[in-house]
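Residue numbers (this note's numbering): 591 to 1211.
Have a look at the structure below, then the notes.
This is the structure:
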């Protein structure tokens, strides 16, 4: 039995057909460039005789199909009269919320390029590129792909919707070797170019007032089998499914539960339910109520895949049962498809669904539902650790002791100062090896404390962050810790004891004068007593002895009084020195470690805010 078919050339959806001599071809995989102009069709004799088309497979046109072919070619030839020459279709317009989400995703990708690898941001970049490309093209057309497994009858459904046999059907598998486009109105060339479908594979449906009005704006794509044994067929399916506005999945009673279909396509595309049709074909093969049972089971599987079903007025996938062979249920699909195309919102909904999918894929690197940041307590602990490492407490104690020593030198008795000078000279007479060794050990311990402080604050700052940002925080802390120990040593030297003697309180001159008086009394009493012994002076033992006793007792008493009075100022002086060193250490740690950490955390908060604008409202971060 001979199957009627239409030629491939006189089917351009945007330009008048140019005549050429038709030659039979063995398949539809010949070369061709995806342009907006199709090749001409041979308009040979119709009715009697034989006419050969040049479609995917050269097929003999008999008298029974000549009328349909003539009507189709007449529709193509009338195309220029219905579309003004040189008028471009209006581009697609996105509403405000969708534009804001796209802008937020674009800024999010820009902020994240330095922190995330290209593979992580690849899908988000693809969504932005495809959204921008789709926006420049026609907003009056809706591109719908018919996808299905081998033998599901998708090509037969494609032909039924078009009203003429465009796509080859038969028992040979795979039958559809390349995607075929059929447009119900003009101005879709750019959209079909974007899919990479050459002009020789572009068709026009059978011209009818009812069909043209109901499906005006539809661009229907017949895809190769998604389970084809030919790898290039599956590659084409995967590529085009990312570019079309909507998809009609055609399943049959035998393979509607196929794992490949559900795991590779339906489940990952669950978020695209609003731009998805699922059609159970070949119900004419099911007896009695079996069709309803299979349809119910199909709905159950779709629900398990996470696909929302468009029931009771809720948005979701449209699920229908039909027979492309007998035409049963095709009218319902045509009506649903016509309403869907008439809304002209499929392209925007597809972009929104792609945004949702990209945001879900990026969620692990932007949000994990935990509070993040560096608390003030952690900052204070870090500063305290650095102060301990630099020896702020010890420096304060040393400053206090220096102040007390200065007080003792100024207010102490000359004999005691002489004794201390002699003892100090004996202590410094050693080799000094133990002092150097102790200093080296102290420096090593201080360096370890600094490293531990940096490691601790970086761990607390990165706690709760997604892995890429936690790694960025730790790297910033590591960079800041380089040279931190040496910088702290320099600060300790600069912010330690000031040059010269510590400041003196106002009562020090009086104390020095009193101490000098006590010493003078001792000297006068001693000289007086020596004069009496030598017979130079009149004997009067009590007066010189009393003067010497007053000097001997008064000197230490004045020294002790000054030491008691100096404890308060010495303590304040030590605390002030400790405070200066702590502030210097904290300032150095803040500039080298805390500020870079804060910058990374601020960048993360910015990208998280942008991510919150990308995801739909109500999504918890």
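We treat Cβ as the ideally placed atom computed from N, Cα and C, and that holds for glycine.
Because the structure is a prediction, the values reported are computed rather than measured.
Whose C-alpha, out of the options, is nearest the C-alpha of residue i?
i	options	result
residue 811	744, 753, 854, 754	744
residue 1065	894, 717, 1145, 1187	1187
residue 715	727, 702, 901	702
residue 1214	908, 935, 918	Outside the displayed range of the chain (591 to 1211) lies residue 1214, so it cannot be described from this structure.
residue 1182	1072, 1144, 1155	1072
residue 1077	1176, 1136, 1166, 1053	1176
residue 994	818, 771, 1156	1156
residue 826	840, 813, 877	813
residue 807	934, 1154, 1079, 1098	934
residue 1036	754, 718, 739, 980	980
residue 971	944, 892, 1051	1051
residue 832	719, 878, 754	719
residue 680	818, 750, 777	777
residue 863	876, 893, 845, 848	893
residue 1111	771, 818, 1140	1140
residue 921	746, 751, 1054	751
residue 694	945, 967, 1129, 1001	945
residue 733	1165, 1193, 939	939
residue 816	876, 741, 889	741
residue 858	803, 958, 950	950
DSSP state of residue i, grouped into three classes?
i	result
residue 808	strand
residue 770	strand
residue 705	coil
residue 975	helix
residue 734	strand
residue 745	helix
residue 728	strand
residue 787	coil
residue 840	strand
residue 666	Residue placement at residue 666 is poorly supported in this model, since its pLDDT is 39, which falls under 50; the coordinates still yield a value, given next. In the structure shown, residue 666 sits in a helix (DSSP, three-state: H, G or I).
residue 793	strand
residue 818	coil
residue 965	coil
residue 693	helix
residue 813	coil
residue 776	coil
residue 1214	Missing from the structure shown is residue 1214; the chain here goes from 591 to 1211 and no further.
residue 1048	helix
residue 798	coil
residue 753	coil
residue 989	helix
residue 1128	coil
residue 997	helix
residue 740	coil
In the DSSP assignment, find the unbroken beta strand (DSSP E) run with residue i in it and report its ends.
i	result
residue 1215	Not covered by the structure: residue 1215. The range shown for the chain is 591 to 1211.
Counting along the chain, where does the alpha helix (DSSP H) carrying residue i start and finish?
i	result
residue 1120	1098 to 1124
residue 1188	1185 to 1204
residue 1154	1132 to 1179
residue 927	920 to 933
residue 1066	1057 to 1071
residue 758	Segment: none, residue 758 is in no alpha helix (DSSP H) and carries neither H nor E.
residue 685	Premise fails: residue 685 is in no alpha helix (DSSP H) and is neither H nor E.
residue 946	936 to 956
Considering only the beta carbon of each residue, do residue i and residue j sit closer than 8 Å?
i	j	result
residue 837	residue 737	yes
residue 692	residue 721	yes
residue 899	residue 874	no
residue 1105	residue 1148	yes
residue 1043	residue 969	no
residue 941	residue 705	no
residue 897	residue 943	no
residue 1056	residue 905	no
residue 865	residue 839	no
residue 1171	residue 948	no
residue 1191	residue 1040	no
residue 841	residue 885	no
residue 790	residue 727	no
residue 1205	residue 698	no
residue 821	residue 735	no
residue 774	residue 796	no
residue 787	residue 771	yes
residue 845	residue 937	no
residue 782	residue 754	no
Would you list, in sequence order, the uninterrupted alpha helix (DSSP H) runs of no fewer than 4 residues that lie entirely inside the segment 846 to 927?
-> 880 to 894
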